[in-house]
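Reviewing the structure listed below.
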DNA sequence: CGAGTGATTGACCGCGCGGTCAAGGCGCCC
DNA sequence: GGGCGCCTTGACCGCGCGGTCAATCACTCG
């Protein structure tokens, strides 16, 4: 799907993603033009379209990247904690501190939720999170540490937090 | 500041506000053009600009209107309840059910928070809400029903809910 | 050196946006 | 009827957007 890139190319790509994330989160998606992004990087417009098919695709990629990063953080925090209740608690705490450190990603997600075409991605991410929580809850029920209720419903509540 | 209007004019104005709120909340502010709004009302473009100076102003007015309506609802719910702790609880519950009933207003506020020029209005509304809460908390402290802490800080927490 | 290819430039395009305005309808009062 | 003022129309304007592309650069490798 994507081009083959040299090392230099991969760096440019990341550079664009970082700058775009910064501008999107500061001014908002619609008020940040592609021209703004390339201008603040002091490069021509073609550079942007060499690395990304469209402004929209770039944004979706930022969204997905943020979600992956968050999930990685959760899993690192949970580690090999055996108690499912503690696992859930650690996951929630990790998410909170992650969002605290990555305010700009938080802004991106918040905006994404207000526009249907991006909300789809957000919903998908949410479902992944719910699936994660469901697994822990089922473990908790098996061990008798959590009341036997519909795991899906409880998971929704956890993610809602 | 605004024009003088006949009864018919006031109705048109409300009609536009309702339709705009609907479209903004469904598709988002930027994806809803003034042309969309007037088209869905089957009127010419000039009608819009007869009643509103700009698309931006209309949005701000919707934001302010939503805030006023929410606040009215809170005050009605609180009524003459004497206990300050109960007052706060009733206020929070009223806010929750109001947002539940007015999802579209919720979407508007959510979007507004992502764009600086509108976030200013949201912050102002927030400050009003905090001022309200501060008053109740001070009452609570005087009566000894709430621990003696910085009322401002506690109020922030209440509004955060 | 020259060929090949990844990377870059910026003028250019078409479009749809927010906003304007001259013109005219409609209803009411004298 | 005639005049007045609220309201409506829609063609029109300028602009800045997302996106394209022919030309060119620059690095590597034989």
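Protein chains in written order, with our numbering: chain A, 500 to 660; chain B, 500 to 660.
The beta carbon of each residue, even a glycine, is placed where N, CA and C say it ideally should be.
Chain A contact for residue i (CB, 7 Å cutoff)
{"i": "residue 614 of chain B", "result": "yes"}
{"i": "residue 529 of chain B", "result": "yes"}
{"i": "residue 624 of chain B", "result": "no"}
{"i": "residue 500 of chain B", "result": "Residue placement at residue 500 of chain B is flagged as unreliable, the pLDDT there being 48, under the threshold of 50; the coordinate-derived value follows with that caveat. Closer than 7 Å: no."}
Beta-carbon separation (whole angstroms), residue i vs residue j, contact threshold 8 Å
{"i": "residue 506 of chain A", "j": "residue 609 of chain B", "result": "Rounded, the Cβ-Cβ distance is 40 Å, inconsistent with contact."}
{"i": "residue 511 of chain B", "j": "residue 546 of chain B", "result": "7 Å"}
{"i": "residue 523 of chain B", "j": "residue 558 of chain B", "result": "7 Å"}
{"i": "residue 576 of chain A", "j": "residue 592 of chain A", "result": "7 Å"}
{"i": "residue 515 of chain B", "j": "residue 550 of chain B", "result": "6 Å"}
{"i": "residue 561 of chain B", "j": "residue 607 of chain B", "result": "6 Å"}
{"i": "residue 530 of chain A", "j": "residue 555 of chain B", "result": "Contact flag wrong, Cβ pair sits at about 12 Å."}
{"i": "residue 569 of chain B", "j": "residue 594 of chain B", "result": "6 Å"}
Bounding residues of the alpha helix (DSSP H) (the contiguous stretch that carries residue i)
{"i": "residue 577 of chain A", "result": "554-577"}
{"i": "residue 548 of chain B", "result": "544-550"}
{"i": "residue 527 of chain A", "result": "Looking at the DSSP string, residue 527 of chain A is not in any alpha helix (DSSP H), and its letter there is neither H nor E."}
{"i": "residue 639 of chain B", "result": "615-641"}
{"i": "residue 601 of chain A", "result": "Segment: none, residue 601 of chain A is in no alpha helix (DSSP H) and carries neither H nor E."}
With 16 other Cβ atoms within 10 Å as the buried cut-off, status of residue i
{"i": "residue 567 of chain A", "result": "exposed"}
{"i": "residue 548 of chain B", "result": "exposed"}
{"i": "residue 616 of chain A", "result": "exposed"}
{"i": "residue 641 of chain B", "result": "exposed"}
{"i": "residue 619 of chain A", "result": "exposed"}
{"i": "residue 749 of chain B", "result": "Examination of residue 749 of chain B is not possible in this model, given that chain B is present from 500 through 660 alone."}
{"i": "residue 539 of chain B", "result": "exposed"}
{"i": "residue 573 of chain A", "result": "buried"}
{"i": "residue 504 of chain B", "result": "exposed"}
{"i": "residue 590 of chain B", "result": "buried"}
{"i": "residue 635 of chain B", "result": "buried"}
{"i": "residue 647 of chain A", "result": "exposed"}
{"i": "residue 652 of chain A", "result": "exposed"}
{"i": "residue 525 of chain A", "result": "exposed"}
{"i": "residue 628 of chain B", "result": "buried"}
{"i": "residue 596 of chain B", "result": "exposed"}
{"i": "residue 527 of chain B", "result": "buried"}
{"i": "residue 519 of chain A", "result": "buried"}
{"i": "residue 488 of chain A", "result": "The shown model of chain A, from 500 to 660, leaves out residue 488 of chain A, and the question about it has no answer."}
{"i": "residue 534 of chain A", "result": "exposed"}
{"i": "residue 631 of chain B", "result": "buried"}
{"i": "residue 639 of chain B", "result": "buried"}
{"i": "residue 604 of chain B", "result": "buried"}
Beta carbon proximity, residue i to chain B, threshold 7 Å
{"i": "residue 610 of chain A", "result": "yes"}
{"i": "residue 549 of chain A", "result": "no"}
{"i": "residue 508 of chain A", "result": "no"}
Cβ-heavy atom distance, residue i to the ligand MN, below 6 Å
{"i": "residue 634 of chain B", "result": "With respect to the ligand MN, the structure shown offers nothing to examine, as it has no ligands at all."}
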